[in-house]
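Undergrad:
Protein chains: 4
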Amino acid sequence: MTNTSLSLAGVFPPIPTPFSQEGAIDHAMARRNLALWNRFDLAGYVVLGSTGEAVYLTTDEKADFWEMARSAIPADRLMIAGAGCESTRETIAVTRLAARQGADAALVVTPHYYDAGMTSQALVHHYRAVADAVPIPILLYSVPQFTHVDLGIDAIVALAEHPNIIGLKDSGGSVAKLTEIIRQAPEDFQVLTGSAGVFLAALTLGAVGGVLALANIAPQACIDLYRHVVAGRIQEAVAVQTRMAPVNAATTSRFGIPGLKTAMDMLGYEGGATRSPLLPPSEVDRETLRQVLVAGGLL
Amino acid sequence: MTNTSLSLAGVFPPIPTPFSQEGAIDHAMARRNLALWNRFDLAGYVVLGSTGEAVYLTTDEKADFWEMARSAIPADRLMIAGAGCESTRETIAVTRLAARQGADAALVVTPHYYDAGMTSQALVHHYRAVADAVPIPILLYSVPQFTHVDLGIDAIVALAEHPNIIGLKDSGGSVAKLTEIIRQAPEDFQVLTGSAGVFLAALTLGAVGGVLALANIAPQACIDLYRHVVAGRIQEAVAVQTRMAPVNAATTSRFGIPGLKTAMDMLGYEGGATRSPLLPPSEVDRETLRQVLVAGGLL
Amino acid sequence: MTNTSLSLAGVFPPIPTPFSQEGAIDHAMARRNLALWNRFDLAGYVVLGSTGEAVYLTTDEKADFWEMARSAIPADRLMIAGAGCESTRETIAVTRLAARQGADAALVVTPHYYDAGMTSQALVHHYRAVADAVPIPILLYSVPQFTHVDLGIDAIVALAEHPNIIGLKDSGGSVAKLTEIIRQAPEDFQVLTGSAGVFLAALTLGAVGGVLALANIAPQACIDLYRHVVAGRIQEAVAVQTRMAPVNAATTSRFGIPGLKTAMDMLGYEGGATRSPLLPPSEVDRETLRQVLVAGGLL
Amino acid sequence: MTNTSLSLAGVFPPIPTPFSQEGAIDHAMARRNLALWNRFDLAGYVVLGSTGEAVYLTTDEKADFWEMARSAIPADRLMIAGAGCESTRETIAVTRLAARQGADAALVVTPHYYDAGMTSQALVHHYRAVADAVPIPILLYSVPQFTHVDLGIDAIVALAEHPNIIGLKDSGGSVAKLTEIIRQAPEDFQVLTGSAGVFLAALTLGAVGGVLALANIAPQACIDLYRHVVAGRIQEAVAVQTRMAPVNAATTSRFGIPGLKTAMDMLGYEGGATRSPLLPPSEVDRETLRQVLVAGGLL
């Protein structure tokens with residue numbers, strides 16, 4: 000259990016979970032997606048993160064989905080399991096389950112329902128308890144657009160000292176926050192951005208990679224952007240970042256997971272339905288989305 | 000399945016779930032609490048609502064807790080089960096489970112993780128699907144301080160037409176909103192406030208009762224307030240409302256569920272521990288709480 | 000300079016400032032409005048509050064408008080001047096000016112541009128400095144929907160001890176907050192609500208009156224509501240509150256000051272234009288507004 | 000009146016306005032500051048922006064301060080006047096005044112008091128009316144941390160077509176937003192960031208410069224960062240950005256304008272007092288600030 004054995008450098012799609020119109024999980028669709036993505040030089044996958052509608056799955060469904068995913072993901076690519084729950088005890092149980100199903104690491108979202116009680120002290124206590132109790136390394140995960148909890152710099156820096164906490168996915172989009180975390184945390188603490196809209200900036204400032212919904216539909220563009228920055232080709236990176244900006248906005252903040260899944264369907268992947276209460280995009284939104292994909296050179 | 004058979008008039012404590020220091024549910028403690036509360040003229044209980052730390056329980060734990068609670072709650076008092084989950088399908092499954100365990104009705108919180116997707120349209124679709132599929136009547140439940148989703152007046156009024164949606168618990172604290180709902184909804188749609196701080200105002204304006212965390216520690220005061228308003232004794236009601244205001248603030252917004260449980264311990268109930276990541280109150284906070292209870296005449 | 004000499008009991012319209020299409024202030028229109036309002040049993044007027052578009056007027060324009068208003072307001076009715084500015088020194092200067100123009104009291108909104116700096120300590124310091132320096136009593140004014148600063152209970156209670164701070168206008172709409180202020184503040188500290196949607200509740204709980212935009216278009220309904228509550232006729236009060244709820248929503252939160260002025264025009268008052276950048280309501284919004292006024296029995 | 004004549008490339012400090020302990024503006028202190036800053040290769044100055052406590056000054060005070068500043072700023076450096084007010088008409092009047100006092104351009108903050116009414120449509124109307132009526136070019140200015148209004152991408156792109164609107168200062172800190180504006184706006188539309196914490200990222204993605212509070216106390220570091228990015232020395236730029244991050248945070252979001260002025264005093268500039276209601280930093284905060292300045296290599 001050491002931090003140094005697991006590199007998070009590169010691009011990770013947080014893969015969607017395909018459902019039938021009746022709401023059943025369709026493993027075959029997911030396998031076809033993974034087969035397509037495996038052709039690209041992705042560092043691995045986040046399986047059952049926010050984009051994977053994890054909050055809509057039962058624990059048994061999670062176990063089955065991770066098992067399927069592990070069998071479809073090459074051994075040299077990471078499977079990072081979205082394993083955070085509201086309670087510390089359930090987070091530990093689900094993370095252990097993910098480990099048994101072959102996850103290399105777990106992504107642990109901040110608990111958030113009682114957000115007034117989720118002080119830095121409470122969150123540090125939670126993450127330490129989880130990290131102490133599970134057999135795989137964990138990544139902190141701050142995504143205030145969903146949780147309304149923004150894991151603070153001080154808490155992150157304190158937790159970065161823990162030998163089993165190897166990194167952070169921050170989806171808040173603040174590059175100033177990333178800069179300060181990278182400055183203060185130990186050098187082997189690995190920061191990933193969860194926001195494709197700041198991928199270039201985050202990489203420039205020292206993030207090692209990204210967990211990007213955009214990588215589900217534009218894996219090569221995300222990889223290109225990553226490589227350009229690593230090689231110091233900033234102008235080329237800016238060109239990719241700028242071209243992808245509207246595609247990313249459309250498939251995340253603007254049309255949400257239903258928009259991302261619809262874009263996948265349009266581009267030859269298997270998006271499938273969302274689970275209720277998420278609704279499919281309207282016809283008007285679908286058409287806007289199609290135009291954005293065309294303008295971005297994907298369709 | 001008719002609306003008219005179930006009256007929600009009166010006071011309902013949303014009961015806390017007692018845990019041991021190790022985090023196990025303690026049914027015996029809960030039974031002792033219910034025995035104490037049963038001495039008061041309460042209309043019933045909400046079991047596994049927000050105050051019951053429902054988000055920290057597994058489905059099996061919920062089933063066992065409801066079974067225990069039903070056996071301890073007299074048949075002439077309502078057991079309202081907190082049954083809302085993120086997905087429509089899990090909400091249906093859990094509500095059916097609650098019905099099997101003897102719940103008279105279910106309290107269904109708004110789904111909220113993907114809050115940008117929780118449009119009025121999505122929420123109306125969700126609640127109708129749930130109401131259509133379950134054997135017990137449901138109450139809508141809007142609690143933006145936890146969910147950051149405020150179920151809108153238009154959605155509520157539309158849903159109030161459904162024969163299996165008998166009422167609403169609104170914890171947002173806006174009496175202007177309550178007024179407008181009561182004006183627009185069918186006469187048999189029953190509105191409960193979830194905010195003891197506006198209980199008098201809500202009752203005056205036509206709410207039929209309240210689901211009040213305060214009723215766990217001050218059941219008689221809540222019942223007195225209710226009776227005063229029903230009998231038109233406004234000045235007496237104001238006196239109770241005013242005296243209880245700081246007690247209510249301290250055991251809800253100020254010190255949260257840990258504060259409420261600590262107050263229960265101080266007052267002869269069995270509060271027990273919270274589950275992690277909720278932390279117990281500090282010694283300073285405990286002392287403040289004690290003083291508030293003394294000033295409120297409870298201790 | 001004593002608190003007891005000035006009663007704030009009753010209904011105060013915060014009068015709009017009529018502008019020509021070119022944006023000039025039209026004193027004649029304002030005089031005609033005041034003549035109409037003077038026929039009702041209003042306690043007085045707030046002149047150049049938020050509803051008066053005070054932030055769009057120069058100091059000279061304020062001086063002239065107060066002078067005009069004072070000459071049109073009977074001596075036995077209060078003229079409360081909206082005099083708060085961002086800086087303490089300008090607030091003092093403008094309040095002194097208002098006093099010279101005949102204002103009986105000043106309504107002093109919380110400074111707010113640097114809201115992170117507007118701590119309780121800073122606001123208490125500000126209000127004390129103003130209250131010490133001006134020749135007329137002042138009212139605290141908290142209106143978070145515009146300022147994003149919510150003057151806290153502790154600050155209000157501390158300031159209520161000052162001999163020249165006679166009351167509070169709270170427009171946040173929280174009756175729980177009002178209850179707590181009334182409980183803690185000295186008995187002669189007078190609380191007004193700025194939210195017609197909670198007028199009944201506020202009066203019941205001990206507020207002495209209201210500064211209500213609604214009173215500009217429905218003065219008699221507001222007075223009726225006030226009298227019903229004072230006389231203990233709660234059911235009659237509820238009927239008025241409920242009937243006026245949609246009218247109030249439409250002319251405040253929903254369509255803003257442009258909506259209120261349009262409603263005034265429809266009802267025989269002189270609303271006039273707003274100043275830019277506020278835009279007039281669309282035709283669709285005007286029609287909705289008309290229907291709301293008809294449904295409310297005003298048109 | 001053409002866009003192309005005025006380059007906004009480079010670093011602009013938004014200079015603070017020094018006050019005596021009694022709150023009087025001290026021109027001599029400001030002159031001494033400008034003399035010090037003039038030794039650096041700054042592109043110009045923003046005079047009476049948010050950092051200049053403009054909301055605390057009367058119009059006469061603004062006129063005098065701009066006149067003084069113009070006389071102390073070399074002709075080959077820009078004086079950009081913070082001229083935005085709540086009303087369109089006052090914004091025009093104050094911008095004309097700034098032009099008479101020698102301002103090269105005006106920075107026009109979004110009106111915001113009636114924020115629900117500040118729709119894209121209203122803001123576009125406002126800015127066009129101002130741009131049409133004033134003799135100097137204007138910059139749009141979005142600073143949601145103060146105004147709670149975030150000028151939207153669509154409005155900015157529409158306004159960028161106006162011949163007298165030459166650029167934007169965006170202080171919201173979203174580099175994704177900047178990317179999209181730069182992608183959509185005409186090539187000669189000049190984007191400045193107002194957030195030193197994202198200066199590197201913004202420049203990389205196509206911003207031409209920054210209006211940085213940090214430049215008041217660390218002008219050379221800001222200039223170095225700018226030059227490194229322009230010359231493609233990204234690693235050197237990252238080093239400066241990282242070193243300055245805590246200094247910037249301390250003198251903006253953490254301790255506000257009082258913190259910035261205190262830092263100026265510590266570093267040999269003339270910070271002076273703030274105007275009330277802003278309070279000076281506590282002794283503890285001063286000490287923290289001093290340590291941050293030492294760690295940043297400034298002290």
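Chains as they are written, first to last, in numbering that gives the first Met the number 0: chain A, 0 to 298; chain B, 0 to 298; chain C, 0 to 298; chain D, 0 to 298. For every residue, glycine included, the Cβ atom is placed at its ideal position computed from N, Cα and C.
(1) Can you check whether the CB of I72/C is closer than 8 Å to the CB of A105/C?
(2) List in chain order: all unbroken beta strand (DSSP E) runs of 3+ residues lying wholly within the region 112-137 of chain A.
(3) Please list the terminal residues of the continuous alpha helix (DSSP H) segment that includes Y225/C.
(4) Taking the C-alpha atoms as reference points, what is the distance between D63/A and V237/C?
(5) In terms of DSSP beta bridges, what is F18/D paired with?
(6) Could you list the residues in the region 105-117 of chain D with a C-beta less than 8 Å from some C-beta on chain C, going in chain order?
(7) Please report how far the alpha carbon of F145/C lies from the alpha carbon of V108/C, in whole angstroms.
(8) Look up G208/C in the DSSP assignment and give the residues it is bridged to.
(9) How would you list, in chain order, the residues of chain C whose beta-carbon sits under 7 Å from the beta-carbon of S49/B?
(10) When the distance is taken between beta carbons, is E269/B closer than 8 Å to P364/B?
(11) Select from the region 151-170 of chain D all residues with a C-beta closer than 8 Å to any C-beta belonging to chain C, and list them in chain order.
(12) Taking the alpha-carbon positions, what's the G171/C to E89/C distance?
(13) For a quick check, are the C-beta atoms of P143/B and A159/B less than 8 Å apart?
(14) If you reduce the DSSP assignment to three classes, tell me which class G346/C lands in.
(15) So, does the CB of T1/D fall closer than 8 Å to a CB anywhere in chain A?
(16) What alpha helix (DSSP H) runs, 4 residues minimum, are completely inside the region 29-81 of chain A?
(17) Should V293/C be flagged as near chain B, meaning a C-beta pair shorter than 8 Å?
(18) Taking the beta carbon of E85/A as the centre, do at least 16 other beta carbons fall within 10 Å, making it buried, or is it exposed?
(19) Just tell me which of P245/C, P162/C, V207/C and A214/C has its CA closest to the CA of V229/C.
(20) Within this structure, are the beta carbons of Y113/C and I256/D separated by less than 8 Å?
(21) Under 9 Å, CB to CB, which of the residues in the region 68-95 of chain B have a partner in chain C?
(22) Can you name the residues of chain D whose CB is closer than 7 Å to the CB of R182/A?
(23) Which residues in the same chain as L33/A place their Cβ atom closer than 6 Å to its Cβ, once the five residues preceding and following it in sequence are excluded?
(24) I need the boundaries of the alpha helix (DSSP H) containing D153/C, first residue and last residue.
(25) Under 9 Å between beta-carbons, which chain C residues line up against S141/B? List them in chain order, please.
(26) For A121/D and chain C, any beta-carbon pair shorter than 8 Å?
(27) Where does the unbroken beta strand (DSSP E) through L266/C begin, and where does it stop?
(28) My output table needs one value for S141/B: the three-state DSSP class, helix, strand or coil.
(29) Report the rounded CA-to-CA distance for P110/C versus S49/D, giving the unit in angstroms.
(30) Just to make sure I have the definition right: I need the residues of chain C whose C-beta is within less than 8 Å of the C-beta of L204/B. Which are they?
(31) DSSP on D169/D, reduced to helix/strand/coil?
(32) So, is the C-beta of A212/C closer than 8 Å to a C-beta in chain B?
(33) Considering only residues of the same chain and omitting the five flanking positions on each side of T1/D, which have a CB-CB separation below 6 Å?
(34) Measuring only between beta-carbons, confirm whether L278/B sits less than 8 Å from chain A.
(35) Do you know whose CA, among A157/C, N215/C and L150/C, lies nearest N37/C's CA?
(36) Excluding sequence positions up to five away, which residues of its chain have a Cβ less than 7 Å from the Cβ of T250/C?
TA: In short, the structure shows the following:
(1) By one-based count along the third sequence, residue 105/C stands at place 106. By one-based count along the third sequence, residue 72/C stands at place 73. Judged by beta-carbon spacing, I72/C lies beyond the 8 Å limit of A105/C, meaning their Cβ atoms are not closer than that value.
(2) Note on the region 112-137 of chain A: there is no whole beta strand (DSSP E) run with a minimum of 3 residues.
(3) Position 226 of the third sequence, counting from 1, holds the residue named residue 225/C. In the DSSP assignment, Y225/C falls within the unbroken alpha helix (DSSP H) covering P218 to V229.
(4) Start at 1 with the first residue of the first sequence, and residue 63/A comes out as number 64. Start at 1 with the first residue of the third sequence, and residue 237/C comes out as number 238. One C-alpha to the other measures close to 57 Å.
(5) Translated into the one-based positions of the fourth sequence, residue 18/D becomes position 19. Here F18/D is bridged, per DSSP, to I24/D and A272/D.
(6) The region 105-117 of chain D vs chain C, Cβ under 8 Å: P110, Y112, Y113, D114, A115, G116 and M117.
(7) Within the third sequence, numbered from 1, the residue matching residue 145/C stands at position 146. Within the third sequence, numbered from 1, the residue matching residue 108/C stands at position 109. It is roughly 10 Å from the alpha-carbon of F145/C to the alpha-carbon of V108/C.
(8) Against the third sequence, residue 208/C aligns to sequence position 209. Looking at the DSSP assignment, G208/C forms a beta bridge with G9/C and L191/C.
(9) Here residue 49/B is taken as the residue at index 50 of the second sequence, counted from 1. Taking the beta carbon of S49/B as reference, no residue of chain C falls within 7 Å; the closest one sits roughly 18 Å away.
(10) This structure does not reach residue 364/B, given that chain B is present from 0 up to 298, and the question cannot be answered.
(11) Against chain C - using a Cβ distance shorter than 8 Å - the region 151-170 of chain D contributes no residues.
(12) What you label residue 171/C is simply residue 172 of the third sequence in a count that begins at 1. What you label residue 89/C is simply residue 90 of the third sequence in a count that begins at 1. Rounded to whole angstroms, the gap between the alpha carbons of G171/C and E89/C is 25 Å.
(13) In the second sequence, the residue the question calls residue 143/B occupies position 144. In the second sequence, the residue the question calls residue 159/B occupies position 160. In this structure, A159/B does not lie closer than 8 Å to P143/B by Cβ.
(14) Nothing about residue 346/C can be reported from this structure: the residues present for chain C run from 0 to 298 only.
(15) Translated into the one-based positions of the fourth sequence, residue 1/D becomes position 2. With a pLDDT of 41 at T1/D, under the threshold of 50, the modelled position of that residue is not reliable, and no figure is offered here.
(16) Taking only runs of at least 4 residues, the alpha helix (DSSP H) segments lying wholly in the region 29-81 of chain A are 58-71.
(17) As a first step, residue 293/C is located in the third sequence; it is residue number 294 there, counting from the start. Taking Cβ atoms only, chain B never reaches closer than 8 Å to V293/C, which makes this a no.
(18) Along the first sequence, one-based indexing puts residue 85/A at 86. With 16 or more Cβ atoms within 10 Å of its Cβ, E85/A is classed as buried.
(19) To locate residue 229/C, count along the third sequence from 1; it is residue 230. For the residues P245/C, P162/C, V207/C and A214/C, the minimum Cα distance to V229/C belongs to V207/C.
(20) The sequence position of residue 113/C within the third sequence is 114, counting from 1. The sequence position of residue 256/D within the fourth sequence is 257, counting from 1. The Cβ-Cβ distance between Y113/C and I256/D falls below 8 Å.
(21) Shown here is that no member of the region 68-95 of chain B has a Cβ falling below 9 Å from a Cβ of chain C.
(22) Along the first sequence, read from residue 1 onward, the residue named residue 182/A stands at position 183. T241 and A244, listed in chain order.
(23) Stepping through the first sequence from its first residue, residue 33/A is reached at position 34. A71.
(24) Working through the third sequence from its first residue, we reach residue 153/C at position 154. Counting along the chain, the unbroken alpha helix (DSSP H) around D153/C starts and ends at I152 to L158.
(25) Translated into the one-based positions of the second sequence, residue 141/B becomes position 142. Those do not exist, as S141/B stays about 16 Å from chain C at its closest Cβ, beyond 9 Å.
(26) For the purposes of this step, residue 121/D is taken as residue 122 along the fourth sequence, with counting starting at 1. Chain C, which has a Cβ nearer than 8 Å to the Cβ of A121/D, makes this yes.
(27) Mapped onto the third sequence, residue 266/C falls at position 267. Counting along the chain, L266/C falls outside any beta strand (DSSP E), and DSSP gives it neither H nor E.
(28) Here residue 141/B refers to the residue found at position 142 of the second sequence. Correct three-state label for S141/B: strand.
(29) Mapped onto the third sequence, residue 110/C falls at position 111. Mapped onto the fourth sequence, residue 49/D falls at position 50. Here the C-alpha atom of P110/C lies approximately 14 Å from the C-alpha atom of S49/D.
(30) The sequence position of residue 204/B within the second sequence is 205, counting from 1. By Cβ distance, chain C contributes L199, A200, V237, Q240 and T241.
(31) Within the fourth sequence, numbered from 1, the residue matching residue 169/D stands at position 170. Secondary structure of D169/D (DSSP, three-state): strand.
(32) One-based indexing of the third sequence puts residue 212/C at position 213. Residue contact check for A212/C against chain B: no CB pair falls below 8 Å.
(33) Position 2 of the fourth sequence, counting from 1, holds the residue named residue 1/D. The predicted position of T1/D is uncertain, since its pLDDT is 41 and thus under 50; a value taken from the coordinates is nonetheless stated next. Same-chain partners within the cutoff: there are none.
(34) By 1-based counting over the second sequence, the position of residue 278/B is 279. Chain A, which has a Cβ nearer than 8 Å to the Cβ of L278/B, makes this yes.
(35) Taking the first residue of the third sequence as 1, we reach residue 37/C at position 38. When C-alpha distances from N37/C are compared across A157/C, N215/C and L150/C, the shortest belongs to N215/C.
(36) What you label residue 250/C is simply residue 251 of the third sequence in a count that begins at 1. Here the set comprises A212, L213, I216, G258, L259 and A262.
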